[in-house]
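Everything on this sheet refers to the single structure shown next.
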Amino acid sequence: MNVTSPSPLTELTLPIAGMTCASCVTRIERFLIRSDGVDAAVVNLATERATVRFDPERIDRAGIVAAIEAAGYDVAPQAVPGEAGTAADADEQVRVGERRALLRDALAATGIGLAMMVVALWPGGVPWPMERVNVWMLAPATVVQFVFGRRFLVAAWKGLRHGDLTMDTLVSIGTLAAYGYSLAVTAAGQAVETYFDSAAVIIGLVLLGRWLEARAKGQAAGAVRALLGLRPATARVLRDGSEADLPIDEVRVGDLVRVRPGERVAVDGVVIDGASAVDESMLTGESIPVEKEPGDAVIGATMNVHGSFVLRAERVGGDTALAQIARLVEQAQGSKAPIQRVVDLVTARFVPVVVAVALAAFAVWMTVGPEPRLPFALTAAISVLIIACPCAMGLATPTAIMVGTGKGAEAGILVRDGAALEVAARISAVVLDKTGTITRGQPSVVALRPSPGTTEDELLRLAAAAERGSEHPLAEAVVRMAAEREITLPAATDFLAIPGGGVRATVEGRTILVGSERLLSEEGVEVAGSEVAAQLAAEGSTPVLVSVDGIGIGLVAIADTVKPESAEAVGRLRAAGLEVWMITGDRAAVAGAIGAQVGIGPDRILAEVRPEEKAARVAELQVSGRVAMVGDGINDAPALAQADLGVAIGTGADVAVEASDITLVGDDLRSVDAAIRLSKATMRTIRQNLGWAFGYNLLLIPVAAGVVYPLTGWLLSPALAAGAMALSSVSVVTNSLRLRRFSVA
Numbered sequence: 041m042n043v044t045s046p047s048p049l050t051e052l053t054l055p056i057a058g059m060t061c062a063s064c065v066t067r068i069e070r071f072l073i074r075s076d077g078v079d080a081a082v083v084n085l086a087t088e089r090a091t092v093r094f095d096p097e098r099i100d101r102a103g104i105v106a107a108i109e110a111a112g113y114d115v116a117p118q119a120v121p122g123e124a125g126t127a128a129d130a131d132e133q134v135r136v137g138e139r140r141a142l143l144r145d146a147l148a149a150t151g152i153g154l155a156m157m158v159v160a161l162w163p164g165g166v167p168w169p170m171e172r173v174n175v176w177m178l179a180p181a182t183v184v185q186f187v188f189g190r191r192f193l194v195a196a197w198k199g200l201r202h203g204d205l206t207m208d209t210l211v212s213i214g215t216l217a218a219y220g221y222s223l224a225v226t227a228a229g230q231a232v233e234t235y236f237d238s239a240a241v242i243i244g245l246v247l248l249g250r251w252l253e254a255r256a257k258g259q260a261a262g263a264v265r266a267l268l269g270l271r272p273a274t275a276r277v278l279r280d281g282s283e284a285d286l287p288i289d290e291v292r293v294g295d296l297v298r299v300r301p302g303e304r305v306a307v308d309g310v311v312i313d314g315a316s317a318v319d320e321s322m323l324t325g326e327s328i329p330v331e332k333e334p335g336d337a338v339i340g341a342t343m344n345v346h347g348s349f350v351l352r353a354e355r356v357g358g359d360t361a362l363a364q365i366a367r368l369v370e371q372a373q374g375s376k377a378p379i380q381r382v383v384d385l386v387t388a389r390f391v392p393v394v395v396a397v398a399l400a401a402f403a404v405w406m407t408v409g410p411e412p413r414l415p416f417a418l419t420a421a422i423s424v425l426i427i428a429c430p431c432a433m434g435l436a437t438p439t440a441i442m443v444g445t446g447k448g449a450e451a452g453i454l455v456r457d458g459a460a461l462e463v464a465a466r467i468s469a470v471v472l473d474k475t476g477t478i479t480r481g482q483p484s485v486v487a488l489r490p491s492p493g494t495t496e497d498e499l500l501r502l503a504a505a506a507e508r509g510s511e512h513p514l515a516e517a518v519v520r521m522a523a524e525r526e527i528t529l530p531a532a533t534d535f536l537a538i539p540g541g542g543v544r545a546t547v548e549g550r551t552i553l554v555g556s557e558r559l560l561s562e563e564g565v566e567v568a569g570s571e572v573a574a575q576l577a578a579e580g581s582t583p584v585l586v587s588v589d590g591i592g593i594g595l596v597a598i599a600d601t602v603k604p605e606s607a608e609a610v611g612r613l614r615a616a617g618l619e620v621w622m623i624t625g626d627r628a629a630v631a632g633a634i635g636a637q638v639g640i641g642p643d644r645i646l647a648e649v650r651p652e653e654k655a656a657r658v659a660e661l662q663v664s665g666r667v668a669m670v671g672d673g674i675n676d677a678p679a680l681a682q683a684d685l686g687v688a689i690g691t692g693a694d695v696a697v698e699a700s701d702i703t704l705v706g707d708d709l710r711s712v713d714a715a716i717r718l719s720k721a722t723m724r725t726i727r728q729n730l731g732w733a734f735g736y737n738l739l740l741i742p743v744a745a746g747v748v749y750p751l752t753g754w755l756l757s758p759a760l761a762a763g764a765m766a767l768s769s770v771s772v773v774t775n776s777l778r779l780r781r782f783s784v785a
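Residue 41 is where the sequence shown starts when you use this note's numbering, and the numbers rise one by one after that.
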């Protein structure tokens with residue numbers, strides 16, 4: 041029987057036009073999820089984008105766009121890059137134009153409204169009949185209501201057609217009620233006070249609030265633009281025997297690119313000529329420039345400090361490390377944290393409840409309110425509609441995530457999504473892989489112990505000459521040390537690699553044997569210095585013995601050395617109240633020695649753990665709390681996936697990075713503590729935002745309804761309600777922007 045496997049899901053991100061509050065988000069998500077073929081949909085109010093995961097065999101882009109339009113919203117045109125630069129630049133230019141239009145309309149509407157308010161509140165009263173003043177106000181009030189306020193009316197109508205109430209509904213009902221009442225009394229020729237001025241000021245202040253909100257959101261979303269802004273506009277390309285400065289988008293894989301002192305590296309590639317020092321702090325956070333020689337990899341947008349070199353382009357355009365990081369940041373900024381589910385449930389019912397409260401306030405004051413009852417009841421109802429602010433609740437979580445993940449990216453901490461931030465803030469234990477995470481992951485010679493009559497250089501010269509034919513990591517460490525000491529190595533013949541033991545070779549006519557104590561004993565070599573070898577092994581080193589013509593001449597101690605910052609990183613994690621564990625497949629003695637160097641006690645060391653067992657050991661620790669796993673190798677991937685939070689060292693294997701929730705671009709273990717602190721700061725900001733947003737509405741909606749009037753004789757004016765509503769959203773975004781001051785140090 042043939043079984044048809046399901047087609048792979050595709051992900052699409054679309055810019056949405058017309059969203060104004062959290063109710064819009066809920067509505068669009070509902071319409072998308074109901075569409076056949078859509079597996080998941082996340083709409084982000086702060087980034088104004090919808091991310092949809094779907095089956096391309098059941099629905100395409102046109103079908104997704106149709107679902108969004110059916111919800112009453114439009115898909116904004118995708119920005120097209122031009123002479124200005126990248127698509128991100130073009131997209132920002134579009135947003136700048138939108139903000140300018142908002143500000144222009146806000147200032148015009150507010151100015152007209154305030155002018156009318158000055159006339160209405162003229163000291164001693166205006167010298168004209170009130171009914172004539174009302175007629176004069178009708179024209180400018182109509183312009184404000186239906187020209188500058190048209191966006192509210194259109195959006196509200198779209199929502200009502202589909203049975204939904206949004207922030208635009210509240211603004212439209214409130215201002216139309218004020219305008220309609222004023223129009224009625226003006227048409228009747230009554231000499232009573234109208235609300236033309238209030239309706240105009242409300243529209244102006246709401247527009248002004250949206251401009252401030254859009255401006256703040258633009259600042260919050262600046263991380264991706266800042267990253268892409270590091271990319272140089274041109275590259276000096278060597279083609280056909282000549283050099284020319286070409287636009288960065290014209291560089292192709294395989295091109296040779298010259299990088300001069302003080303320039304940014306144009307694309308990812310490999311140095312083929314020249315040498316220099318490159319400042320990679322924009323990616324790794326490491327301030328010390330890294331020396332680059334032929335064969336070394338360089339990353340686009342890093343700064344060439346001094347010297348000139350030529351690189352061969354290996355990744356260009358959207359394939360560069362910088363572009364991939366920018367995509368990860370955008371993905372994280374468009375995601376939702378689990379805490380957002382509570383907000384979504386509340387906002388889905390928020391606007392209908394507000395309308396009900398406004399109607400109840402109107403009914404109560406029409407029944408028991410002071411005379412004239414109709415204007416009094418109308419004021420209370422309009423104030424309730426205007427002061428309610430679902431925008432603040434909708435922005436509380438995504439703006440904090442935008443700023444937090446952007447700040448992390450600046451420090452080389454890439455967060456996959458909002459859920460990872462929330463989990464990271466609740467971690468109780470951190471499990472660190474040893475090799476490549478705590479240690480450098482590369483064996484190095486740590487000690488030379490020559491026998492009497494033999495010098496260190498002679499011991500190293502003969503050992504390296506024999507080991508040069510081996511590909512074993514320990515042999516490479518010996519050869520590398522000889523190169524660092526600039527020791528000239530003689531040629532070796534009759535090379536033989538002995539599996540599990542070492543090597544034998546003929547050097548300068550003598551038989552050189554390099555390997556374990558067991559190998560030399562089997563070969564009949566009298567092994568001296570066994571006590572020294574045992575001591576080195578206990579300290580975490582691997583002793584490699586060397587003999588010449590059957591006589592031992594000393595040993596070379598090789599170890600995977602601890603990174604200089606590892607001990608400080610462990611200390612920071614422990615100071616934060618976290619349990620710190622080390623897991624390794626290495627011998628218990630070696631693991632214990634490494635643990636002692638970095639401050640991890642023997643009771644927190646999991647040694648001799650096979651790769652397939654790591655995930656199970658992490659699962660055992662999860663019984664007591666949430667666990668973060670930090671690793672870099674292929675064998676760490678299952679454990680990274682098993683842990684509540686997987687943290688991958690970015691210099692490690694791709695599969696480990698794919699299995700992780702947080703990726704550290706560099707290999708500095710101190711970034712783990714920084715990532716956890718950033719997560720806690722972001723979640724703290726989210727809770728502050730939500731506390732303010734919910735508290736604001738719970739407190740001021742009753743005030744606007746007139747609850748305090750019997751005690752104080754004071755009723756909130758609709759204009760003040762509009763100002764409070766505008767400032768509510770701005771305060772949430774501004775509080776999120778404080779995360780930009782977070783220090784990873």
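Just so you know, even glycine gets a beta-carbon here, dropped at the ideal spot from N, CA and C.
Query	Result
Sequence-distant residues of the same chain with beta carbon closer than 8 Å to A607, five excluded per side	Q637, V638, G639
Given 8 Å, three or more beta-carbon pairs between the stretch 596 to 605 and the stretch 641 to 648	no
Span separating the alpha-carbon of D114 from that of A57	5 Å
Coarse secondary structure for D672, derived from DSSP in three states	coil
DSSP beta-bridge partners of L583	The sequence as given places Pro at residue 583; Leu does not occur at that position. DSSP lists A597 as partners of P583.
Limits of the unbroken beta strand (DSSP E) element including F535	532 to 538
Validate contact between the stretch 242 to 249 and the stretch 174 to 183 using beta carbons, cut 8 Å, 3 pairs	no
Nearest neighbour of P287, chosen from V297, L514, G281 [CA to CA]	V297
Close-in-space but distant-in-sequence residues of the same chain around I68 (CB under 8 Å, 5 per side omitted)	I56, M59, A81, V83, A90, I108, A111, Y113
Beta-carbon proximity list for G632, same chain, < 7 Å, skipping 5 on both sides	P642, I645
DSSP-derived helix/strand/coil call for L646	strand
Through-space distance from L739 to V772, alpha-carbon basis	16 Å
Close-in-space but distant-in-sequence residues of the same chain around T44 (CB under 8 Å, 5 per side omitted)	In this prediction, T44 has a pLDDT of 47, which is less than 50 and means its spatial position is unreliable; what the coordinates show is noted afterwards. Around T44: no qualifying Cβ.
Buried versus exposed call for W197 [16 or more other C-beta atoms within 10 Å across all chains shown]	exposed
For M788: DSSP bridge partner residues	Past the edges of the chain, shown from 41 to 785, lies residue 788, and the structure says nothing about it.
Residues bridged to W621 (per DSSP)	V471
For D79, three-class secondary structure by DSSP	strand
Whole-number beta carbon distance between P334 and V311, since they are thought to touch under 8 Å	5 Å
Limits of the unbroken alpha helix (DSSP H) element including T66	62 to 73
Supposed close pair D289, G357 - CB separation, criterion 8 Å	7 Å
Per-residue DSSP class, three states only, for L755	coil
Distance, F535 Cα to A18 Cα	The requested residue 18 is not part of the displayed model; the chain covers only 41 to 785.
Simplified DSSP state of L49, which is helix, strand or coil	coil
Buried versus exposed call for Q380 [16 or more other C-beta atoms within 10 Å across all chains shown]	buried
Cβ shell of V770 (< 7 Å), same chain only, five flanking positions each side left out	G249, L252, E253, A256
Cβ-Cβ distance between T387 and I726 below 7 Å	no
Inter-stretch contact (C-beta, 8 Å, three-pair minimum) for the stretch 469 to 477 and the stretch 603 to 621	yes
Distance CB(L72)-CB(V78) smaller than 7 Å	yes
Cut-off 8 Å between Cβ atoms - residues of its own chain near I527, not counting five sequence neighbours on either side	D497, L500, R501, A504
Spatial distance of L435 from A315 (CA atoms)	49 Å
Proximal residues to R780 (C-beta, below 7 Å), its chain only, five neighbours per side dropped	V443, K447
Of the residues R778, D100, C61, D95, the one placed nearest I441, counting alpha carbons only	R778
Among A464, R279, V318, V291, the one whose alpha carbon lies nearest that of V712	A464
Own chain partners of I99 with C-beta closer than 8 Å, once the 5 adjacent residues on each side are dropped	S75, D76, G77, V78
I467 Cβ short of 6 Å to the ligand ATP heavy atom set	By its list of ligands, the structure shown contains no ligand whatsoever, and the ligand ATP lies outside what it can speak to.
Distance CB(I339)-CB(A306) smaller than 7 Å	no
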